[in-house]
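Those protein sequence lines, which keep their order, are chains A and B. According to the working numbering, the first sequence holds residues 276 to 824 in order. According to the working numbering, the second sequence holds residues 288 to 608 in order. Take a look at the structure below.
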Amino acid sequence: MRPRRVLAIARRDLALELKGRRGWVLPLVMAGLLAPVAALPEPGEEESLIRTKAGGAVPEQVAALPGVDVVDSGGNVYFQREDGVLLVHGSIDASVREALDQGDPVVEVVARGEVPPLPGRTMFLALLAAASLTGGVSQSVGGERSAGTLGTLLTAAITRWELALGKWLAWGGFGAFAAGLAAAGAVLLGRAEPGWWMVPLPTVPLGMVALGLYMVRRASDVIGGATVSLRVLPAVLMITGIAAWFLGGTDPLLGAAVPLGGALVAAGAPWPGAAPSLLAAGVTLGLSLVAVWLTGRDLDPTPPVAKGMGPAALGISATALAVAAWWSPVVGPELWSSAGNAQLAAELRADRGVLAGGLALLLITAVRAARVEREVTPPPPLPAWLGALAVGGVLAATASAADLLPWPEAAPLARARLRLASAMQPTWAGPLALGAVIWADELLFRGWLQRRVGPLGAVAAYALVHAPLDPLRGIAVGGALSGLTVLAGGSIGPALVARLAWVACAAVPWPATPALATAGGLALAAALLALSRRAPPPPAPPPDAAERA
Amino acid sequence: MSDLRRTLWTLALLTSWLVRRLVREGLVLRSLVWPAALTAGTLLVTVATISAMRPTQAVALLGPAAEDAELRAEVLEHGWRIVESSDHDGLLERGEVMAATDGTTLWTNYVGTQQTLQLEAMLRIRAGAPWRPRPPRRLPTAQDTAPSGDLVLRMLAGLFCLYGVVFGLGSVARDRDDGSLEAELTLPVPRWVPGLSRWIAATAVLSVFYALCCLLFDALISTTDLAATLRNGAAACGATTAFGLALVGTSGVRQSFSGPFAFALAATTGLVGAGAWAPEVGAALPVASLAAGGSGVVPLLVSLLLGLAAAGVFALRSGRS
């Protein structure tokens with residue numbers, strides 16, 4: 276590592292962007308954002324932005340409070356007299372409560388819990404300095420690549436890591452300098468007290484720039500770079516910041532250990548002492564150096580063509596996507612019950628959730644299918660069609676674990692299992708939702724996925740998506756349909772017929788032998804899979820087309 | 288093959304090829320999926336966090352309160368468990384109870400929650416206090432949360448409008464730069480066919496992904512009128528794609544792209560503002576109807592007309608080699 280070359284790259288990057296009259300735009304924008312935050316005085320209690328708006332029969336002692344505005348309508352606290360008693364609707368903060376009690380509380384409320392301290396204004400100095408650098412980061416790699424100068428640099432007498440480090444120092448240093456300058460101004464003007472918060476403050480723009488460079492390292496132009504950084508970096512900063520603040524409520528060191536977010540929160544001086552600030556700065560700098568190293572490792576004049584994933588990786592990624600796409604709308608509404616509002620959970624329309632899940636699975640399949648050439652399979656033999664009808668009948672008789680076992684006992688999981696079980700073949704949800712689910716399941720699991728990961732992989736994926744809390748039934752259904760598809764030579768036609776037969780047979784009141792039916796379903800699945808191993812393998816699917824940048 | 292049949296067949300093939308090309312692009316796909324995934328994910332994580340942090344539904348009764356049969360009955364009526372212990376600090380610290388009281392003092396970790404306000408009101412009534420809190424009588428229902436769902440979907444529709452401008456402009460500009468537009472213009476079909484196929488493809492892709500957003504949020508938080516929201520959103524996507532298609536002219540990505548782009552974005556945001564300012568008129572115009580509301584039927588028809596008009600403008604301005 277040669278410092279002079281690193282500095283030369285940094286100087287070059289900054290000179291390219293900040294030259295001429297247009298080069299003044301970024302510094303002026305940053306100054307315009309940082310100066311008010313650093314220089315404006317804190318509002319007094321009279322001018323506080325957080326005020327209580329009180330309406331109704333507001334008592335005099337409450338209206339006289341400095342932080343209270345009396346309003347005609349709306350408001351966050353409302354007073355009403357009923358039978359000589361004053362009723363208070365809405366949030367009652369400590370000052371209002373004290374005014375109402377007039378020094379003699381009949382019932383005293385003692386708040387034990389402590390809200391984690393909020394970071395101060397200096398956190399915004401770090402946030403603004405980091406957020407303003409998106410353009411520079413995108414241009415730094417993507418712009419150089421589209422202009423062809425990245426290749427020139429990489430063939431020059433400079434290593435990739437020197438190049439990456441130079442770019443990081445250019446923009447991270449610029450942001451750190453701006454944040455530091457603003458912080459010094461705030462201290463000199465008396466708006467902030469000097470303290471350990473000044474240590475992690477400059478590491479926030481350094482960390483953001485390092486992460487941003489890593490994310491845009493393969494961008495082919497400035498637009499590609501900007502869409503990645505604009506979309507991802509704010510989300511990363513927000514998520515890590517919230518996580519750090521939350522964890523800091525338990526222990527400041529825990530919050531400070533969150534990369535990037537810990538430094539952001541620590542820059543707002545909510546945690547006393549040197550240890551959290553030093554830890555936050557160290558962790559974020561560490562993250563920065565790792566990101567810069569990875570960026571240097573991957574820098575190339577032209578973005579590499581994406582390699583196709585192996586079958587296992589493909590199966591895992593597709594399953595993970597399908598799990599998120601299915602569980603969110605189908606099981607997600609149940610979270611309202613766990614949060615204490617069971618009525619809302621019951622009122623939300625489950626059929627719309629099933630339709631959303633089905634559409635999401637269809638889109639996953641459509642996107643995957645758009646990347647391959649059309650796969651033609653021979654027409655299935657007649658026995659496969661006839662067998663499909665029988666399979667559909669057996670599947671209609673299989674029972675969910677709810678009928679066989681009392682597991683799981685925890686109420687949220689039991690409710691989730693019921694939702695998933697009813698959504699597996701949602702005849703109650705209307706023809707549109709039912710059709711979407713059937714088509715989505717067969718195209719994704721028995722069509723696209725089974726051809727890439729095999730029938731066992733497809734069965735596992737199906738069970739994980741549709742019946743993770745009812746694996747026996749998931750395996751029975753998935754196994755029967757997958758086996759049928761293999762016997763049909765890879766065509767999903769018989770599987771679709773089996774699903775339709777299942778719909779028709781579901782209207783038939785089967786005898787109360789759920790255990791036998793489920794065992795029969797499992798046996799059928801095992802038999803079909805065993806037979807499918809003897810059947811000739813279907814033609815290998817063509818490799819997925821490389822993803823376009 | 289007759290001219291009409293050839294034209295329609297080419298339109299269908301070109302549209303399906305363009306749709307396939309759009310969904311093959313990782314950048315496009317991520318842009319379409321990311322907003323819904325982030326907003327829905329944030330909602331689910333927030334609700335999950337609230338449910339994880341929800342206080343135990345138990346109250347510790349100390350001293351005189353523990354012997355008060357009426358108070359005990361009232362507490363049980365609210366569905367809370369009673370824990371009898373003198374160590375209220377320990378119970379609260381361990382989170383085993385949400386509040387503890389001896390009848391005149393209420394200790395709690397969670398001031399202002401519905402349960403602690405109910406408990407405080409109970410104690411104040413028994414003590415004959417001059418004032419007491421009136422907690423909300425009921426939790427929000429689906430009807431109460433629907434406006435929040437509508438708001439999120441309106442914001443997402445605004446984002447999809449911007450995508451529509453990019454798709455309309457970018458698909459022509461990029462294809463002109465790489466020569467594929469010229470190849471299409473050599474086909475023995477009217478010049479509006481490549482333009483109309485681009486409008487149909489972009490509008491269809493945007494509308495389907497927007498429909499997914501609408502269904503997702505309707506399932507998670509409910510909406511007031513899902514069908515109207517869908518129609519207004521689809522109309523907005525179609526109209527903004529038409530803007531991009533009509534304004535692109537002879538621009539390419541590397542040449543004179545920013546001018547038409549900025550103009551189309553300004554027109555889009557102006558329409559949203561117009562819809563908020565004059566809702567009676569805005570309800571009939573695509574994009575404006577996102578702010579104005581309405582059934583979305585008229586905006587959808589207007590959007591269709593705009594698409595056809597944009598194809599015509601494309602034929603005049605862009606459909607030249």
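Backbone N, C-alpha and C define an ideal beta-carbon position, used for all residues, glycine too. Please read all numbers here as calculations on a predicted model, not as lab measurements.
Exercise for the section: Can you pull the chain B residues whose beta carbon is under 8 Å from the beta carbon of residue 611 of chain A, in chain order? Expected result: Per Cβ cutoff of 8 Å: 334.
Exercise for the section: Count the C-beta pairs between the stretch 558-570 of chain A and the stretch 698-710 of chain A that are closer than 8 Å, then say yes if the count reaches three, no if not. Expected result: In the pairwise beta carbon analysis, the stretch 558-570 of chain A is classified as not touching the stretch 698-710 of chain A: fewer than three pairs are separated by under 8 Å.
Handout entry: Touching by the beta-carbon criterion (3+ pairs, under 8 Å), the stretch 364-373 of chain B and the stretch 322-342 of chain A
Key = no
Exercise for the section: Report yes if the CB atom of residue 535 of chain A is closer than 8 Å to the CB atom of residue 615 of chain A, and no otherwise. Expected result: no
Practice task
Along the alpha helix (DSSP H) that carries residue 726 of chain A, what are the first and last residues, could you check?
Solution key: 725-741
Handout entry: Contacts of residue 362 of chain A in chain B (Cβ-Cβ under 7 Å)
Key = Result: 419 and 421.
Problem - Neighbourhood of residue 659 of chain A by C-beta, 6 Å cutoff - its chain only, sequence neighbours within 5 removed - result: 762, 763 and 769
Practice task
For the beta strand (DSSP E) containing residue 362 of chain A, list its first residue and its last residue.
Solution key: 360-365
Exercise for the section: Ignore the nearest five residues each way along the sequence and tell me which others in residue 740 of chain A's own chain have a CB closer than 7 Å to its CB. Expected result: Excluding residues within five positions, the ones whose Cβ falls inside 7 Å are 594, 597, 598 and 601.
Practice task
Please confirm if residue 351 of chain B has its CB atom under 8 Å from at least one CB of chain A.
Solution key: no
Problem - When B:492, B:586 and B:503 are compared against residue 642 of chain A, the one with the closest alpha-carbon - result: B:492
Handout entry: DSSP state of residue 294 of chain A mapped onto helix, strand, coil
Key = coil
Exercise for the section: Could you confirm whether any beta carbon from chain A is found closer than 8 Å to the beta carbon of residue 321 of chain B? Expected result: yes
Practice task
Could you tell me whether the stretch 517-525 of chain B touches the stretch 629-647 of chain A, where touching means 3 or more Cβ pairs closer than 8 Å?
Solution key: With a cut-off of 8 Å, the stretch 629-647 of chain A and the stretch 517-525 of chain B do not count as touching, because too few Cβ pairs lie within range.
Practice task
May I ask whether a heavy atom of the ligand ATP can be found less than 7 Å away from the beta carbon of residue 598 of chain A?
Solution key: The ligand content of the structure shown is nil, which means the ligand ATP is not present either.
Practice task
Give me the Cα-Cα distance between residue 832 of chain A and residue 489 of chain A, rounded to the nearest whole angstrom.
Solution key: Nothing in the structure corresponds to residue 832 of chain A, since chain A is present only between 276 and 824.
Handout entry: Helix, strand or coil at residue 764 of chain A according to DSSP, with G and I counted as helix
Key = coil
Practice task
Examine chain A for any beta-carbon lying closer than 8 Å to the beta-carbon of residue 414 of chain B, and answer yes or no.
Solution key: Residue-level contact check: residue 414 of chain B touches chain A, since one or more beta carbons of chain A fall below 8 Å from its beta carbon.
Exercise for the section: Tell me, please, whether the CB atom of residue 394 of chain B is closer than 8 Å to any CB atom in chain A? Expected result: yes
Exercise for the section: Give the residues of chain A in contact with residue 338 of chain B, contact being defined as C-beta atoms less than 7 Å apart. Expected result: 610, 613 and 614
Practice task
Please report the residue range of the alpha helix (DSSP H) in which residue 337 of chain B lies.
Solution key: 313-340
Exercise for the section: Step through the CB atoms of chain B and report whether any lies within less than 8 Å of the CB of residue 618 of chain A. Expected result: yes
Exercise for the section: Indicate the three-state DSSP secondary structure (helix, strand or coil) for residue 376 of chain B in the structure shown. Expected result: helix
Problem - Alpha-carbon spacing of residue 871 of chain A relative to residue 377 of chain B, whole angstroms - result: Because chain A is modelled from 276 through 824, residue 871 of chain A falls outside the range shown and cannot be assessed.
Practice task
Could you tell me whether any Cβ in chain B is nearer than 8 Å to the Cβ of residue 330 of chain A?
Solution key: no
Exercise for the section: With a 10 Å radius around its C-beta and 16 neighbouring C-beta atoms as the bar for buried, classify residue 597 of chain B as buried or exposed. Expected result: buried
Problem - Rounded C-alpha distance that separates residue 413 of chain A from residue 487 of chain A - result: 8 Å
Handout entry: Residue-chain proximity (residue 462 of chain B, chain A), Cβ-Cβ < 8 Å
Key = no
Handout entry: beta strand (DSSP E) segment containing residue 327 of chain A, residue limits
Key = 327-331
Problem - Beta-carbon proximity list for residue 711 of chain A, same chain, < 7 Å, skipping 5 on both sides - result: 630, 633, 634 and 637
Practice task
Would you be able to state if there are at least three C-beta pairs under 8 Å between the stretch 506-515 of chain A and the stretch 419-430 of chain A?
Solution key: no
Practice task
Specify the secondary structure class of residue 424 of chain B as computed by DSSP and reduced to three states.
Solution key: DSSP places residue 424 of chain B in coil when its eight states are reduced to three.
Practice task
Kindly indicate which three-state DSSP category residue 385 of chain A falls into: helix, strand or coil?
Solution key: strand
Exercise for the section: Round the Cβ separation of residue 585 of chain A and residue 732 of chain A to the nearest angstrom and send it over; I've been treating them as touching at under 8 Å. Expected result: About 12 Å separates the beta carbons of residue 585 of chain A and residue 732 of chain A, which is beyond the 8 Å limit, so they are not a contact pair.
Exercise for the section: Taking C-beta pairs closer than 7 Å, name the residues in chain B that residue 510 of chain A reaches, listed in chain order. Expected result: 325
Practice task
Could you name the residues of the stretch 361-384 of chain A whose beta carbon sits closer than 8 Å to any beta carbon of chain B, in the order they occur along the chain?
Solution key: 361, 362, 363, 364, 366, 367, 375, 381, 382, 383 and 384
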